[in-house]
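Chemist: After the structure tokens below, expect a handful of questions from me.
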Amino acid sequence: MDRSEYIVEDDPLTPLQFAICRGCRVRREAATGRAVRPRRTAAGSTRKRCNNCSEVKDVSEFSPVGTFVTGETKYGTKCKACNASIKRAKHVPAPYDWSTWRPKETKICRVCGLEMPLSEFPKSRISTHGQQLHHGTCKSCGAGKYKDWRATQDPARLKAQRRVWLFNLDHESYAQILSSQGGACAICATPFAEDGRDVYVDHDHGCCPGRRSCGKCIRGFLCNRCNTALGQLRDSREITAAALSYVESPARPLSASPDAWYSEQDRWLISHMMSADEFAALREQQGGKCAICVEPNANLEIDHDHSCHPGLKSCRRCIRGLLCPHCNKGVGLLQDSPERLRGALSYLDCRPLSDDRAVQ
1 MDRSEYIVED DPLTPLQFAI CRGCRVRREA ATGRAVRPRR TAAGSTRKRC
51 NNCSEVKDVS EFSPVGTFVT GETKYGTKCK ACNASIKRAK HVPAPYDWST
101 WRPKETKICR VCGLEMPLSE FPKSRISTHG QQLHHGTCKS CGAGKYKDWR
151 ATQDPARLKA QRRVWLFNLD HESYAQILSS QGGACAICAT PFAEDGRDVY
201 VDHDHGCCPG RRSCGKCIRG FLCNRCNTAL GQLRDSREIT AAALSYVESP
251 ARPLSASPDA WYSEQDRWLI SHMMSADEFA ALREQQGGKC AICVEPNANL
301 EIDHDHSCHP GLKSCRRCIR GLLCPHCNKG VGLLQDSPER LRGALSYLDC
351 RPLSDDRAVQ
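In this text, residue positions in the sequence shown follow UniProt numbering: the first is 1, and each later residue adds one.
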């Protein structure tokens with residue numbers, strides 16, 4: 001058959017050509033009721049029609065897919081732009097309703113291989129969808145692995161690394177500060193252990209609010225009780241001075257009959273031989289505020305002079321007032337001692353150590 005039977009006649013898109021002859025085109029158009037478009041590119045042509053967008057474009061806009069037997073390059077039926085848009089549409093993930101997602105109740109440990117409840121696995125990060133994730137190793141396997149690793153390490157080296165990471169404090173600066181304090185707490189003067197396991201580095205939380213320090217705001221070394229007490233007193237000189245004045249003030253003995261408290265159901269009030277009416281009257285007298293920090297608190301606690309009754313109970317004659325949980329614990333950690341509170345005041349008045357001791 002003559003090749004001219006395939007070439008497009010009177011078409012501005014020449015030299016495009018049909019894939020079927022003229023006679024087959026006429027029969028197909030009569031059967032389908034629509035014109036047959038040219039599909040193939042004629043030899044030597046640099047243009048091609050895209051089957052998706054029906055636009056005629058340069059052959060460089062089509063991806064080569066092989067060669068004909070004649071050696072000519074064979075191009076795809078769709079242009080590169082249409083192929084890219086089709087692929088993007090196929091790879092769009094279907095929307096998932098994360099509100100209906102529920103975590104599994106069990107998990108398999110990757111170390112021991114046992115299936116256990118999620119409560120046996122440490123909590124991990126929160127996912128981007130707000131779901132709580134868990135580690136792949138159970139608590140027992142993780143603790144054993146960490147314990148085995150710790151046994152192979154030098155404890156002194158681990159402590160030195162931790163001081164550098166948390167406080168930017170190297171070993172030479174640590175030894176210098178410890179020697180300047182005489183190997184004792186800067187507030188209560190309690191001697192530290194030789195291995196330094198009870199040494200707590202204190203820093204100004206107004207400079208570095210978190211656990212870590214920049215190294216320039218380190219104030220000194222404290223024991224566990226004094227360090228925790230300063231935290232409970234909010235590192236505030238005003239609250240510490242108010243606590244000193246509170247401790248040195250005389251107690252407020254209750255005048256009511258001790259028979260009034262015996263029928264009360266609250267064991268906390270019973271331990272102080274105080275009735276609910278007496279507690280309400282004392283709370284109203286203080287205006288619902290702590291006697292030290294003068295901040296409103298709904299959970300005020302009864303405080304008494306522990307030099308009279310060292311335990312949790314009191315004799316009604318040594319009750320001093322109502323404190324918030326922070327102030328009550330802070331005063332208790334300092335053992336209700338005016339001397340230790342004065343030491344805490346002088347300690348807070350000291351300037352932070354110079355930054356030349358910090359690791360640069």
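Cβ atoms here follow ideal geometry from the backbone N, Cα and C, with glycine treated the same way.
Less than 9 Å separating the beta-carbons of TRP101 and GLN131?
Modeler: Result yes, Cβ atoms of TRP101 and GLN131 sit closer than 9 Å.
Chemist: Suppose only complete runs of 4+ residues qualify. What are the alpha helix (DSSP H) ranges in the region 26-95, listed by chain order?
Modeler: Whole alpha helix (DSSP H) segments, 4+ residues: 80-90.
Chemist: Taking the alpha carbon of PRO95 as the point to measure from, which residue in ALA84, GLU115 and HIS129 has its own alpha carbon closest?
Modeler: The shortest C-alpha separation from PRO95 is found at HIS129.
Chemist: Return the first residue and the last residue of the alpha helix (DSSP H) that LYS159 is part of.
Modeler: From DSSP, the alpha helix (DSSP H) with LYS159 extends over 155-167.
Chemist: Which residues in the same chain have their Cβ closer than 6 Å to the Cβ of ASP349, if we skip the five residues on either side of it in sequence?
Modeler: No residues qualify anywhere along the chain.
Chemist: Just verifying my parser: in three-state terms, what is the DSSP assignment at ALA184?
Modeler: Strand.
Chemist: With DSSP run on the structure shown, which of helix, strand or coil describes SER124?
Modeler: In this structure, SER124 counts as strand in the three-state DSSP scheme.
Chemist: What would DSSP say about PRO209, mapped onto helix, strand or coil?
Modeler: Coil at PRO209, not helix or strand.
Chemist: With H, G and I counted as helix, E and B as strand and the rest as coil, what does DSSP make of TRP261?
Modeler: Residue placement at TRP261 cannot be trusted, given a pLDDT of 47 that sits under 50; the coordinates are not used to answer.
Chemist: Take the Cβ of ASP277 as the centre, count every other Cβ of all protein chains shown within 10 Å, and call the residue buried at 16 or more, exposed below.
Modeler: ASP277 comes out exposed.
Chemist: Let me know if GLU295 comes out buried or exposed under the rule of 16 or more other beta-carbons within 10 Å of its beta-carbon.
Modeler: Label assigned to GLU295: exposed.
Chemist: Can you list, in chain order, the residues of its chain with a C-beta nearer than 7 Å to that of GLY343? Leave out the 5 residues immediately preceding and following it.
Modeler: For GLY343, where only same-chain residues beyond five positions count, the Cβ hits under 7 Å are ILE187 and CYS188.
Chemist: Indicate the three-state DSSP secondary structure (helix, strand or coil) for VAL331 in the structure shown.
Modeler: Looking at VAL331 - three-state DSSP - the assignment turns out to be helix.
Chemist: For the beta strand (DSSP E) holding GLY215, just list the boundary residues, first then last.
Modeler: Neither: GLY215 is in no beta strand (DSSP E) and is coded neither H nor E.
Chemist: Under the assumption that ARG110 contacts GLY136 (Cβ atoms under 8 Å), give the Cβ distance between them as a whole number of angstroms.
Modeler: Contact holds; Cβ gap of about 5 Å.
Chemist: Go to GLY142, then tell me how far its alpha helix (DSSP H) extends in each direction, as first and last residue.
Modeler: 139-151 is the extent of the alpha helix (DSSP H) around GLY142.
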